[in-house]
Amino acid sequence: MATLWLLAAGLLTMWVILHWASRRLPGGGWVRAAGGLVRTAAGTAAIWSVWQAIARHLVLESSWPLWVNALVGAAAIEIIIGLYQLEKRIVRPGVGRWLLGLRLLMTAAVLTILVQPVFARDEERREDRNVVVLVDDSASMQIADRGMPVDEKLALAAFEGMDVMKGRPVLAGVLAEGRGVQRRLDAAAEALRVIELSGREEEKERLEKEAEGLRQLEDEARKWAATARGAIDGAGGGLSEDLRRVQDLLRRRLGNDTLEGLNQVRAGLNGRNSRQLRRGFSDAATAMEEGLAGASPLALAVDETFYQGLPAEAREKIDAATGRTRAEMARQALTRAGNGKASFLDQVKEKYTLQLMRFGSKAAELESMTPESFTEDAALRRRSDLTGALEKIRETWPPENLASVVVVSDFRHNGLLPPDDAARGLGLQGSPVSAIVTGSSRGTKDAAVIALTSPQSVFLGDRVRIRADLKADGLRGKELKVKLLKEGKVVSEQTVPVPEDDFRTTLRLADQPPEKGIFGYSLVIEPLEGELFPNNNQWDFDVAVSDDRTNVLLIDDVPRWEFRYLRNLFDSRDKSVHLQHVLIHPDTLAGAEPLPAIPASAARKFGDSEATRLPERPEDWRKFDVIILGDLPPGTLGEETWNIIRECVDRRGAMLVLVAGPSHMPHAFTNEAARALIPVEYDAGTAPVYLGPEPSYRLALTADGRSSTIFLQSLSGVDNARIWDEIPPLSWRHPIRAVKPGASVLAWAKPVVLDASGVEVPGRADAVPAGDLASALLRQRQTEQQQALVVTAQTGLGKVVMLNFDQTWRFRYGVGDTYHHRFWGQLMRWGAGQNLAAGTNFVRLGTDRLSVEPGQPVKIMARLVDETFRPVADADVKAIIYKGDERIMVKPLTYRADSHGMYETEVESLSEPGVYRVELAGDKVAELLAKENVARVDQKLTVTAEGNPVELGEISVDRELAAKVASLSGGAVVAPGSADELIRLFGAPTKVVIKRRETTLWDNWLLLLVAVGAGTAEWVLRRRGGLV
1428 MATLWLLAAG LLTMWVILHW ASRRLPGGGW VRAAGGLVRT AAGTAAIWSV
1478 WQAIARHLVL ESSWPLWVNA LVGAAAIEII IGLYQLEKRI VRPGVGRWLL
1528 GLRLLMTAAV LTILVQPVFA RDEERREDRN VVVLVDDSAS MQIADRGMPV
1578 DEKLALAAFE GMDVMKGRPV LAGVLAEGRG VQRRLDAAAE ALRVIELSGR
1628 EEEKERLEKE AEGLRQLEDE ARKWAATARG AIDGAGGGLS EDLRRVQDLL
1678 RRRLGNDTLE GLNQVRAGLN GRNSRQLRRG FSDAATAMEE GLAGASPLAL
1728 AVDETFYQGL PAEAREKIDA ATGRTRAEMA RQALTRAGNG KASFLDQVKE
1778 KYTLQLMRFG SKAAELESMT PESFTEDAAL RRRSDLTGAL EKIRETWPPE
1828 NLASVVVVSD FRHNGLLPPD DAARGLGLQG SPVSAIVTGS SRGTKDAAVI
1878 ALTSPQSVFL GDRVRIRADL KADGLRGKEL KVKLLKEGKV VSEQTVPVPE
1928 DDFRTTLRLA DQPPEKGIFG YSLVIEPLEG ELFPNNNQWD FDVAVSDDRT
1978 NVLLIDDVPR WEFRYLRNLF DSRDKSVHLQ HVLIHPDTLA GAEPLPAIPA
2028 SAARKFGDSE ATRLPERPED WRKFDVIILG DLPPGTLGEE TWNIIRECVD
2078 RRGAMLVLVA GPSHMPHAFT NEAARALIPV EYDAGTAPVY LGPEPSYRLA
2128 LTADGRSSTI FLQSLSGVDN ARIWDEIPPL SWRHPIRAVK PGASVLAWAK
2178 PVVLDASGVE VPGRADAVPA GDLASALLRQ RQTEQQQALV VTAQTGLGKV
2228 VMLNFDQTWR FRYGVGDTYH HRFWGQLMRW GAGQNLAAGT NFVRLGTDRL
2278 SVEPGQPVKI MARLVDETFR PVADADVKAI IYKGDERIMV KPLTYRADSH
2328 GMYETEVESL SEPGVYRVEL AGDKVAELLA KENVARVDQK LTVTAEGNPV
2378 ELGEISVDRE LAAKVASLSG GAVVAPGSAD ELIRLFGAPT KVVIKRRETT
2428 LWDNWLLLLV AVGAGTAEWV LRRRGGLV
């Protein structure tokens, strides 16, 4: 490189010397011409050598050969110098030199642009592939499982590497391996179901592609079945009659029946028959599942015989191993090396970027796996919130940098939300969640309240109905004495006998509070001798007793099924609703007296729900929070009534629900006020619409519907989708032309596809049509709007809901009224607002929780309406929080836009346990309260010291949840001794990528400015010198 620069310098020097010599040599024209050629050649060589030297540092991307650039440059410079020799006779020497310099500079800039230099360099970039090891540090992980069954003891001894385990019978291990094979057979059957539904040509093509993998799976299953048969036959003698029957069952299910299914698989593979293949895999998986489900008694008996046959010293050593806590076992599973292999964490570090975290009620980073890193944190150990931990991981690392998550836990999750959606989200982004399960399936000697369900609020006169799940481990023959206390006084008690060691039961208790207010309840199990955790025998909860009901007006023409089920729901099942229902043409008995004229009114006594006339005055209509209109004849509601309803929705903030019907709703309504409220476009007419657009369809949720609280049947998005997918097909809906602008479609009708035999072809109701993604989504959206079932719209301060079908009662099919009740209850709360526990007709106050843990957020809500029940939207509202007589804080409330007078705020800073009082304040609040002769509105709020003992209620491991989380995300479940098997799931490792970066130097503004600037300056100098 230095040689090139020396050569370039030498050639440039020679070029300069030639110019110096040319001016001093005598001669004629031919001498000057020859000298010019020699100088041009020398200049070409000099410039070419400069470019060659620069090319060692920069990339020259010019499409011209460098010698052409050098030749043009040298010739141009020779011409410029020749001009200088002519011009210096007629301009001042200084001007001449400036002109020469500017011309040379401009030439150099142009030559540089033409040669196109690029600064190229290699940059190293580390692409981290993080493996997050998430260690459970909750209170349940701090216990030792001394009471674990013998099979788990032997598994623990094998994990510890005890020599005595070399003689353990193989049955338990074979059965554990079989569960993995069974899951793979199941997965193959599901995959083949999809192939079976494709076209014939595509089916054959996909079968050819998958045939080799399916054949390998069949061979693996056959080998396992042979191994299992041998292990079952070798279970030994001395078995009881019951265990011999289990042994015979296993021989049949895991041997003969499984092989019959695999024979179908082989025939299907030979004939390339996807249906036969699917049935074979399904039959084999079912036989294995049924066999494995009943195998535990035999495996346990075999292990028990082996364990009892060990020397006493070996049994003592095995028992001593159970004295270590689950947390210690977790650390050992991650850090112990053995059998010539590095520890799991060290193996991860070799290929991936290791991230350590612990979790309980929250997730936090860990410096290392040493015991000192797991600092004592009572607040963190109070709960096991796996959902929150997985969500934090999703927020912390982008998908491309997150290889996998490994959870080390007993999986006894007790957070507020199930981990299904978080696990599924990680799986969809390519970050599987795997589980290392630590702990025992058998709890220690203990009685506990493991879960309690109670209403947060009931209505005056209603009963507080409580469902309590209790456990009693290791207490066979004892009795649980259970008491329900209200404000410290016993209101109900039961005695529960304990017939077995692993006892679980559910109690149902009830109490009827005598008045409004917030009452503190406790469910208590009297302590028993020898319990491990006596502090988990009590569950405290508060219940608000209120008279704040939702006023609902239900109007229909005749008592069709939809009307009957809604009337029964609101009149008897849901005490939060004050119902008034009107039938225009009720069923009557021949000869019976006509019904008296009873106008619907929210002022009527609760329970008096049947009315025979519509509300008489506009102010009577305004008292209803929700108005439900069924299949009404147009003459029932005149233009004036529709205008009243429209005013109730627009200005009062009521919700209008329109339930379509074949006779009139909505096609028979043509007046302006009605059509303005109805959120869909339809073809008007008087003829009934008895036939729907398709003979049968399923209700399918849109993206808006899946995120709407109206359709929330489960906190798990996975379970919620399954529930709606299982709603039976519906048979009628009202056709529409379009959805009005601004309205939202929450559910649409997906036509049911039938095969040649009339059987429904399974498929997802929310599948996106084929084609490129953008156009497919557009077509999907158009389909949803044209086939809309549930449409919502904001109209003024209120809401309108259009149900283009009349069969929500079919949500009850096979499940009772659970889904039907929840759907309509959530629809009421969405449209009319949440019922608030304290207050008057005009001012209400409530919180989203009656008791919270220290530092847990609590939402404070208030609702203000004026004397005409119209929302007050511009008030200055504050919440004053007291503890005893001491004012703790004042929080302003913000009006919730487009609501029925709702104000809200959130408080997170209540860290001291105790009883607080929330009081509503503000000038408008005082004014409205004065109209009802009320001095103040307040509500009790309790901050508990430790919360209820959910963490130590149920302490046995939850292997089902571990398997579910792994299945949803594409991970696996392993025992502590098999952690290194997970590494194969992690995908691409961390790597250092060398990336070539290039910066072009010839196209920047500086170089252009130099060229243009030099040219401009040269022209100005020539003009001033008289050369232009």
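Under my numbering, think of the first position of the sequence shown as 1428, with each following residue one higher. Using N, Cα and C, we set each Cβ at its ideal position, and we do this for glycine too. All figures in this text were calculated on a predicted structure; none of them were measured in a lab.
query, result
"Mind checking residue 1433: buried by the 16 CB within 10 Å criterion, or exposed?", "exposed"
"CB-CB under 6 angstroms to residue 1574, same chain, minus the five flanking residues each way: which ones, in chain order?", "1869, 1871"
"Whether or not the region 1787 to 1802 and the region 2264 to 2271 are in contact is what I'm after, with contact meaning three or more pairs of Cβ atoms, one per stretch, closer than 8 angstroms; do they touch?", "no"
"Residues in the same chain with beta-carbon distance under 6 angstroms from residue 1440, minus the five sequence neighbours each way, listed in chain order, please.", "none"
"To the nearest angstrom, report how far apart residue 2217 and residue 2256 are at their CA atoms.", "16 angstroms"
"Taking contact to mean 3 or more Cβ pairs, one atom from each stretch, closer than 8 angstroms, check whether the region 1709 to 1724 and the region 1664 to 1681 are in contact.", "yes"
"Figure out for me which residue from 2303, 2332, 2278, 2364 has the closest Cα to the Cα of residue 2372.", "2278"
"Could you name the residues of the same chain whose beta carbon sits closer than 8 angstroms to that of residue 1571, not counting the 5 residues immediately before and after it, in chain order?", "1749, 1750, 1751, 1752, 1753"
"In the DSSP assignment, find the alpha helix (DSSP H) that holds residue 1773 and state where it starts and stops.", "1771 to 1778"
"Where are the alpha helix (DSSP H) runs, 4 residues long or more, that stay fully inside the region 2339 to 2409, in chain order?", "2350 to 2357, 2386 to 2396"
"Pick helix, strand or coil for residue 1978, following the three-state DSSP scheme.", "strand"
"Could you check where the beta strand (DSSP E) with residue 1831 kicks off and where it finishes?", "1829 to 1836"
"Which stretch, first to last residue, makes up the beta strand (DSSP E) that contains residue 2225?", "2225 to 2230"
"If we count the other Cβ atoms within 10 Å of its Cβ and call it buried at 16 or more, is residue 1901 buried or exposed?", "buried"
"May I ask you to report which of helix, strand or coil DSSP gives residue 2221?", "strand"
"To the nearest angstrom, how far is the alpha carbon of residue 2191 from that of residue 2148?", "Unreliable placement is indicated for residue 2191, whose pLDDT of 43 sits below 50; the coordinate value is still reported in the next sentence. If I take the Cα positions, the gap works out to 10 angstroms."
"Report the three-state DSSP secondary structure of residue 1483 (helix, strand or coil).", "coil"
"For residue 2269, which residues in the same chain have their Cβ closer than 8 angstroms to its Cβ, ignoring the five residues on either side in sequence?", "2291, 2292, 2293, 2294, 2355, 2356, 2358, 2359"
"Compute the Euclidean distance between the alpha carbons of residue 2438 and residue 1545, then round it to the nearest angstrom.", "18 angstroms"
"Between which two residues does the alpha helix (DSSP H) holding residue 1737 run?", "That residue, residue 1737, is in no alpha helix (DSSP H); it is neither H nor E in DSSP."
"Does the Cβ of residue 2251 have 16 or more other Cβ atoms within 10 Å, making it buried, or fewer, making it exposed?", "buried"
"Taking the alpha-carbon of residue 1785 as reference, which of 1766, 1811, 1776, 1773 has the nearest alpha-carbon?", "1811"
"With distances taken between CB atoms, is the gap from residue 2388 to residue 2399 smaller than 8 angstroms?", "no"
"Under the DSSP definition of a beta bridge, which residues are partnered with residue 1910?", "1920, 1951"
"Where does residue 1793 fall in DSSP's three states?", "coil"
"If you run the structure through DSSP and keep just helix, strand and coil, what is residue 2138?", "helix"
"Around the Cβ of residue 2015, are there at least 16 other Cβ atoms within 10 angstroms (buried) or fewer (exposed)?", "exposed"
"Straight-line CA distance for residue 1650 to residue 1718?", "16 angstroms"
"Of the choices 2447, 2368, 1500, 1479, whose alpha-carbon is the least far from that of residue 1970?", "2368"
"With a Cβ-Cβ cutoff of 8 angstroms, do residue 1643 and residue 1712 count as a contact?", "no"
"Flag this pair as yes or no: are the beta carbons of residue 1984 and residue 2093 separated by less than 8 angstroms?", "no"
"Counting along the chain, where does the alpha helix (DSSP H) carrying residue 1840 start and finish?", "Careful: residue 1840 lies outside any alpha helix (DSSP H) and carries neither H nor E."
"Output the residue ranges of the beta strand (DSSP E) runs that lie fully inside the region 1563 to 1637 and measure 3 residues or longer, sorted by chain position.", "none"
"Going along the chain, which residues of its own chain have a beta-carbon closer than 6 angstroms to the beta-carbon of residue 2055, five neighbours each way excluded?", "1981, 2084"
"May I ask you to verify whether the region 1877 to 1884 touches the region 1842 to 1850, counting CB pairs closer than 8 angstroms and requiring at least 3?", "no"
"My output table needs one value for residue 1741: the three-state DSSP class, helix, strand or coil.", "helix"
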